[in-house]
Amino acid sequence: MKNIGIGIRFFCVMTLLVGIFYPCLMTVVGQGLFQEKANGGVIVHQEKTIGAHLIGQKFVQEKYFWPRPSAIDYQPLPSGGTNLGPTSLVLKKKVDERVILFQKFSMEPIPPELLFTSGSGLDPHISVQGALFQVPRVVRARNFSEPQALFQLIQDLKESPTFGFLGEERVNVLELNLALDQKGKGQTP
């Protein structure tokens, strides 16, 4: 009987500590110190939510830069990868389909991140190489006469590795596409 009482008290203390106190503390700290990140970096334009800095979005029109493929079609609730291994015929078929898609626009070597899904399916960034690879397609789709302006835009929006050494230089796809739209909606930038 004594062990049951200890177990019940332990259960109650841990429920309060881990189930109520800790989540409340993390919410207060997140909202107090890191409000934009805690809320996903939501971008609102004219009282309408148009995206988030921290969550990848689906862009399929040729006039936009495309993000990494997503195994979950960019839905944040079931975040995760496919768990398809290197011998998977399903993975091979999907990658082959992406190769055919990108070869319609360029015969240059395709950056691997544009062929394979990410672990979360929600990566908001692509590498600088992945962005530069897409410039010819975006230039043709928007009838830009000066592709150099897009190269400069990518350089201007380039982010350094986290803490200077984690990861690689990258570009946020949503920010790049928003800046691209600001350049002139199909006009020469």
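Residue numbers (the working numbering): 32 to 220. The beta carbon of each residue, even a glycine, is placed where N, CA and C say it ideally should be. Keep in mind the model is a prediction, meaning the values are calculated, not measured.
K125 and I157 have their C-alpha atoms roughly 19 angstroms apart. In this structure, the beta-carbon distance from P167 to F136 falls below 8 angstroms.
The beta carbon of E144 lies closer than 7 angstroms to those of R99, I157, S158 and G161 in the same chain, with the five residues before and after it left out.
Put simply, of G198, K123, L115 and Y105 the residue whose alpha carbon is nearest the alpha carbon of V91 is Y105.
Residue G150 holds the alpha-carbon nearest to the alpha-carbon of P109 among L197, P178 and G150. Each residue's CA atom was taken as its position, placing R171 and P140 some 19 angstroms apart.
Between L85 and G71, the gap from beta carbon to beta carbon is short of 8 angstroms. The shortest C-alpha to C-alpha distance from M138 to any of N114, L122, T118 and F164 is the one to F164. Under the three-pair Cβ rule at 8 angstroms, the segment 200-207 counts as touching the segment 172-190. The Cβ-Cβ distance between S119 and L153 does not fall below 8 angstroms. Look at A210 here: in three-state DSSP terms it is helix. Apart from sequence neighbours up to five positions away, the residues of its chain that approach K89 with a beta-carbon distance below 8 angstroms are P98, S101, D104 and Y105, ordered along the chain. For V202, the uninterrupted beta strand (DSSP E) segment begins and ends at R201 to N203.
Following the DSSP letters along the chain, one finds A83 inside the beta strand (DSSP E) bounded by residues K79 to A83. The C-alpha of V73 is placed about 53 angstroms away from the C-alpha of M32.
Residue range V159 to R173 is occupied by the alpha helix (DSSP H) that includes V159.
Taking the C-beta atoms as reference points, V169 is found no nearer than 8 angstroms to K68.
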